[in-house]
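According to our numbering, the sequence shown is numbered sequentially starting from 590.
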Amino acid sequence: MTTAELKAANAQYLWHPMAHPKAMQQTPPDIIARGEGSWIWDIDGHKMIDGVGGLWSANLGFGRKDIRDAIVEQLDELAFYNTFRGTTHPRAIELSARLVKLMEPDGVTSVFFSNGGSDAVEGALKLARQYWKLKGQGDRTKYISLRMGYHGVHFGGMSVNGNTNFRRNYEPLLPGCFHVDTPWVYRNPYTENPERLAEICAEQLDREISFQGSDTVAAFIAEPVQGSGGVIVPPANYWPLIRKVCDKHGVLLIADEVVTGFGRTGHMFGTRLWGVKADMWCLAKGISSGYVPLGATAISANVAEVFQQGDASLGSVTHGYTYSGHPIAAAAALATLDALEKEDVVGNAARQGDYLMQRLKDLGQRNRLIGDVRGVGLMVCLEMVADKATKASFARGAKEVTEVAREAYRLGAMVRTSGPNIILSPALTISRSEIDVLCDALEGAFKKVAP
590 MTTAELKAAN AQYLWHPMAH PKAMQQTPPD IIARGEGSWI WDIDGHKMID
640 GVGGLWSANL GFGRKDIRDA IVEQLDELAF YNTFRGTTHP RAIELSARLV
690 KLMEPDGVTS VFFSNGGSDA VEGALKLARQ YWKLKGQGDR TKYISLRMGY
740 HGVHFGGMSV NGNTNFRRNY EPLLPGCFHV DTPWVYRNPY TENPERLAEI
790 CAEQLDREIS FQGSDTVAAF IAEPVQGSGG VIVPPANYWP LIRKVCDKHG
840 VLLIADEVVT GFGRTGHMFG TRLWGVKADM WCLAKGISSG YVPLGATAIS
890 ANVAEVFQQG DASLGSVTHG YTYSGHPIAA AAALATLDAL EKEDVVGNAA
940 RQGDYLMQRL KDLGQRNRLI GDVRGVGLMV CLEMVADKAT KASFARGAKE
990 VTEVAREAYR LGAMVRTSGP NIILSPALTI SRSEIDVLCD ALEGAFKKVA
1040 P
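Written out as structure tokens, the structure is:
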């Protein structure tokens, strides 16, 4: 299609995720035509720093020849084969061994491949129930998760999601899913003391498990740092307390690392940020740097052992996808892991994240629309407010939020809005000078909207 034809067909035939079809037709989406490193160009040739990282996923940036070459080489060797019972292929074997070695310090011994993050969550939820059946505790079917949490769009993931926006249109959802408060320092009804807030929220989980009956709860699932919910960073003592509560009641701990995995927080995995080992991890996005869809559920030794010792029928994993461990995706992931290990990508994420936070906190102090600046590594949120003193929030779709994002776009930065939040998740390979471009565009945008 020509440029004119692409613009004419934009949103006419394609329904976009998380959007009303009519709204997309009335205000067609931006058409991103090219990417290189941390930069993207729209169809009109407008160059921007990509503050979104594709969607939390382009961790190594665009145009990586090493990943491209791995994909092409794999296409020439074997474009596809399945990993269902009785068959496999070299890249699936290599990637599984590589991931287990990478996560050996976390206690991981096995992985189960899928197509993306929602799949990885679904796999973890199903395996948790199956684990308890194998243990002779089949009544353990319930899940507990956090308000504001996001765990994908399958029925299981939606059911443990803690945001009404992702649930309401598809209810009734999976029964047996319950939610407790997230340790949100900026907005909570309890205390301004982070450590005490963590204790209160952990106590809530403890009481909820007891109320439900600990012998009926399969797992607690949470993101080490909440992403889509607004980059909610828990107090440092929260995850260690949660681990203790889960151990007390014998409840499995599932870490949804779809966003935080592979360096986004400035640590290889988000649980390492808190010094905690989970029982299962949900992985995607950064695993292949977004080049080819891929997800994985990583399984700890204590969980894997129960399956290994289980009977042939009940222990069989009757779950999976045609494209689980797709050769092209696995090749892209192996090249991604090579880069992560050789180029100090994780260290760069930590260093550039500190600088990004420094610049944005300074902006937040000076601009009346910014109530809170929070984040860790290269996942950062600017929460916009109608009134700083009262923390009065903007309604969803507020024009001020949209205007800031559009002005930033015009000034050369792609940013993402979610409710009253502007969320940033650039490539982990971004440079300091590119961080400056991103921040300068945001400075200009906020100054234009709220001089």
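Cβ coordinates follow ideal geometry from the N, Cα and C atoms, glycine included.
Item	Value
Alpha carbon to alpha carbon, how far is residue 626 from residue 875?	15 Å
Leaving out five residues before and five after residue 857 in sequence, what residues of the same chain have Cβ atoms less than 7 Å from its Cβ?	851, 935
I believe residue 763 touches residue 809 by the beta-carbon criterion, under 8 Å. Please report the beta-carbon distance rounded to the nearest angstrom.	Not really, about 15 Å apart at Cβ, beyond 8 Å.
What residue does the alpha helix (DSSP H) around residue 708 start on, and which one ends it?	706-723
With respect to the beta strand (DSSP E) encompassing residue 936, which residues constitute its N-terminal and C-terminal limits?	Unbroken run through residue 936 is the alpha helix (DSSP H), 934-955; no beta strand (DSSP E).
Considering residue 733, what are the terminal residues of the beta strand (DSSP E) in which it resides?	731-735
Which residues bound the beta strand (DSSP E) around residue 701?	697-703
Which one of 659, 909, 803 has the shortest CA to CA distance from residue 721?	803
Which class does residue 769 belong to by DSSP, given the choice of helix, strand or coil?	strand
Which residue from 661, 1017, 862 puts its Cα closest to that of residue 932?	1017
Taking the C-alpha atoms as reference points, what is the distance between residue 976 and residue 825?	29 Å
Check whether the Cβ atoms of residue 737 and residue 746 sit closer than 8 Å, and answer yes or no.	no
Report the residue ranges of all beta strand (DSSP E) runs contained in full by the segment 795-829; include only those spanning at least 3 residues, in chain order.	806-811
How would you call residue 584, buried or exposed, if buried means at least 16 neighbouring beta carbons within 10 angstroms?	Here the chain comprises residues numbered 590 to 1040, so residue 584 is not present and cannot be evaluated.
If you drop the 5 nearest sequence neighbours on each side, which residues of the same chain put their C-beta closer than 8 Å to that of residue 806?	729, 731, 732, 733, 798, 838, 840
Using 8 Å as the Cβ pair cut-off and three pairs as the minimum, do the segment 704-712 and the segment 870-888 touch?	yes
Do residue 831 and residue 791 have their CB atoms nearer than 8 Å?	yes
Where does the unbroken beta strand (DSSP E) through residue 974 begin, and where does it stop?	968-976
What is the rounded straight-line gap between the Cα of residue 776 and the Cα of residue 907?	42 Å
Classify residue 912 as buried or exposed, calling it buried when 16 or more other Cβ atoms lie within 10 Å of its own Cβ.	buried
Please report how far the alpha carbon of residue 683 lies from the alpha carbon of residue 920, in whole angstroms.	9 Å
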